[in-house]
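Protein chains in written order, with the numbering used here: chain A, 1 to 387; chain B, 1001 to 1387.
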């Protein structure tokens, strides 16, 4: 068994939507393929993955640093003890050779896409869905389905009144019964009106989360906390700068409702700082780290282990990034759930037709690996990468 | 006045040396040029800079994300109030358009190289050395020269006994009277022997610093602290993971000698976490953040301001990265000093011939800007980039 080639393609995200901080019109995602000389059922076995959604493609780092290290190391250096699959910890260590500590940013996405492609490859070599491989690797009891909520409620480039309600109604028609919306991109008064509009669809605050995308300083964070407290919302997400642990702690001391954060922490050591300094409360607050932008599943597993060491239950892990890869990770590792982007971030957002949405839960399909090939709108990018 | 083009060239670093964590043989640096339509003394005015030394070139991010944003914004969006130079804060904001918070890694080097090229450009437009421009911008009283110490003492790929002493003797012959060496890449006993060997050249512990490059866990950190305490060393650098603030705090509680860290913190928010949680002691401990890998001089200025808000004197800032750009930053901002790499990291390490080394202090030359064109061994890379 040989890795014969590793390729990357930077794929643009569709849509012209904004949160409180960024517009996604120029965002891209790195699709990575690990090609092998293994043939199963007459087809070459190829591992596929991408670096989640929302932090740009990493073609430069992947081509300049990561792929040369992987090819120089050779396949034998990557194999597991049985020699029938790949050891993801060896993949990670090889991809990170001669990288210095600290600086967990773009590099974490470059390595994440690559490492996850080896999980896809391992699952395909066994002919099983990736969640089965993941559950076996981590010794976890998988779930049968993944609870999801529809993450949307963006600020649109055009239009306004009624558009948020219409968006959430579309999600409800698809079968979702929980939602997340952006705040912090308008005035507090306007955002309160948007929340009230969203609650006409969500029904109860426990089915609506709000996301500030790291925009608030302390005073604004508390003003919003005071304004949203009566709604009893599901959670208040990424309140301040994602690395301002002290701000998170101070807000948690003033706001009884659940707080969620972590999607912009890309390493175990950053996650440990949140656990040490961020004032997160076991049994209440939610962690949203995302393997695809965090060096992959080995590092993500370290994050979950740190959560548990600090007294948190893994069912309070809800990864950022609503897509096929996180579906398999959440099901395989027994996490709390995940967001879904039913309307946006195509072709990477959302799930293949074979993944059934049953009462706001997604059931993975039977395709081997992460099943990216089964997602119709991803097929053209995959074909482009492989041809 | 128009920015007509921005270019990047990834230049390999010379040398096959290692610290406790990485080998530098495959390291690269991004050299960036900002071309204008301004002609002075018959020559096109071009801003030049690079992303310091040691964290890889960033050609992918610069070409895929940064340059398109700069060119789309246009020159007028970047000009200062007088219109005769560029506003570095506008340059930074434009380069960071649609970037999310958090993830301060490779991106910080990509933007750092670009932002610093505009400082070089501003100084050339005024026909003055960059330290003059920097001092004026920040309202600081510049120094006349920069205290330096020779940073070396690496682990060599071949050889061993006597090589460290020979290396430091070479530096002493060049005029240096203070030194830094690596530890943590050998056993504690071997490292103590290496320190004793180095002290035969340095003379006194106050003229020798040691650098663990973020390698130690707490127990090893304390074992080394206990072993080096009798030497009274200048400082004990980057003891544990650069983001493990709590480890730094715990070591600072046990070790009376100065501690230095910060070269792997690439943002003001990370620096603030070190100040809040790292147990750093005013009047004793040293900060080594480096503008070239930290979004440039605007963000670096924010870091210095945070240091001062937390009761630290800027003379305890000693940037990582011994090169022409940091020479001008240290002199212009009135910082404590800088490392020099007299033997390694060419063509970026070290100083142009016009920069005099006087009693372990470096005096900048008279060339406009950072004076990179005056450094003989950098000229081929500059010529390659511009032709």
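Where is the CB? At the ideal position from N, CA and C, for every residue including glycine.
Quick caveat: nothing in here was measured; it's all calculated off a predicted structure.
Beta-carbon proximity list for residue i, same chain, < 6 Å, skipping 5 on both sides
i: residue 122(A); result: 85, 86 and 133
i: residue 91(A); result: 78, 115 and 118
i: residue 369(A); result: 120, 123, 124 and 130
i: residue 298(A); result: 88, 89 and 92
Nearest residue (CA-CA) to residue i, options the options
i: residue 1038(B); options: 1031(B), 1046(B) and 1032(B); result: 1046(B)
i: residue 324(A); options: 7(A), 94(A) and 346(A); result: 346(A)
i: residue 1203(B); options: 1168(B), 1256(B), 1224(B) and 1188(B); result: 1168(B)
i: residue 1150(B); options: 1384(B), 1005(B), 1365(B) and 1361(B); result: 1361(B)
i: residue 175(A); options: 366(A), 384(A), 359(A) and 380(A); result: 359(A)
i: residue 282(A); options: 335(A), 246(A) and 307(A); result: 307(A)
i: residue 1186(B); options: 1226(B), 1279(B), 1201(B) and 1154(B); result: 1154(B)
i: residue 274(A); options: 3(A), 247(A) and 49(A); result: 247(A)
i: residue 1295(B); options: 1129(B), 1096(B) and 1366(B); result: 1096(B)
i: residue 1068(B); options: 4(A), 80(A) and 26(A); result: 26(A)
i: residue 1022(B); options: 1214(B), 1195(B) and 1064(B); result: 1214(B)
i: residue 245(A); options: 1056(B), 1128(B), 1080(B) and 1277(B); result: 1277(B)
i: residue 1234(B); options: 1285(B), 1082(B) and 1224(B); result: 1285(B)
i: residue 34(A); options: 56(A), 9(A) and 28(A); result: 9(A)
i: residue 143(A); options: 197(A), 336(A) and 206(A); result: 336(A)
i: residue 268(A); options: 298(A), 12(A) and 303(A); result: 303(A)
i: residue 1082(B); options: 1145(B), 1221(B), 1001(B) and 1328(B); result: 1001(B)
i: residue 1040(B); options: 1099(B), 1051(B), 1126(B) and 1386(B); result: 1126(B)
Residue-chain proximity (residue i, chain B), Cβ-Cβ < 8 Å
i: residue 67(A); result: no
i: residue 101(A); result: yes
i: residue 244(A); result: yes
i: residue 51(A); result: no
i: residue 277(A); result: yes
i: residue 287(A); result: no
i: residue 250(A); result: no
i: residue 311(A); result: no
i: residue 259(A); result: no
i: residue 6(A); result: no
i: residue 107(A); result: yes
i: residue 86(A); result: no
i: residue 55(A); result: yes
i: residue 264(A); result: yes
i: residue 214(A); result: yes
i: residue 64(A); result: yes
i: residue 273(A); result: yes
i: residue 104(A); result: yes
Exposure label - residue i; buried when at least 16 CB within 10 Å
i: residue 254(A); result: exposed
i: residue 156(A); result: exposed
i: residue 101(A); result: buried
i: residue 1384(B); result: exposed
i: residue 380(A); result: exposed
i: residue 230(A); result: exposed
i: residue 58(A); result: buried
i: residue 387(A); result: exposed
i: residue 55(A); result: buried
i: residue 1189(B); result: exposed
i: residue 321(A); result: buried
Residues of its chain near residue i, where Cβ-Cβ distance is below 8 Å and the 5 sequence neighbours each way are ignored
i: residue 270(A); result: 104 and 243
i: residue 152(A); result: 167, 168, 171, 179, 180, 181, 341, 342, 343 and 344
i: residue 232(A); result: 204, 205, 206 and 257
Within-8 Å CB hit, residue i to chain A
i: residue 1208(B); result: no
i: residue 1218(B); result: no
i: residue 1078(B); result: no
i: residue 1023(B); result: yes
i: residue 1269(B); result: yes
i: residue 982(B); result: Only positions 1001 to 1387 of chain B appear in the structure, and residue 982(B) is not among them; the question remains open.
i: residue 1061(B); result: yes
Close-in-space but distant-in-sequence residues of the same chain around residue i (CB under 7 Å, 5 per side omitted)
i: residue 1250(B); result: 1218
i: residue 216(A); result: 184, 224, 239 and 240
i: residue 228(A); result: 195, 210 and 236
i: residue 1330(B); result: 1146, 1319, 1337 and 1338
Exercise. Taking one C-beta from the segment 1259-1267 of chain B and one from the segment 1231-1239 of chain B each time, how about it: are there three or more such pairs within less than 8 Å?
Worked result: Verdict: yes, contact present.
Exercise. For the segment 346-359 of chain A against the segment 369-383 of chain A, are there 3 or more C-beta pairs whose distance is under 8 Å?
Worked result: Segments in contact, yes.
Exercise. Do the segment 1178-1186 of chain B and the segment 1210-1224 of chain B touch if we need at least three Cβ pairs shorter than 8 Å?
Worked result: Touching, yes.
Exercise. Hey, is the segment 1105-1113 of chain B in contact with the segment 1282-1296 of chain B, meaning 3+ C-beta pairs nearer than 8 Å?
Worked result: Between the segment 1105-1113 of chain B and the segment 1282-1296 of chain B there are three or more C-beta pairs closer than 8 Å, enough to call the two in contact.
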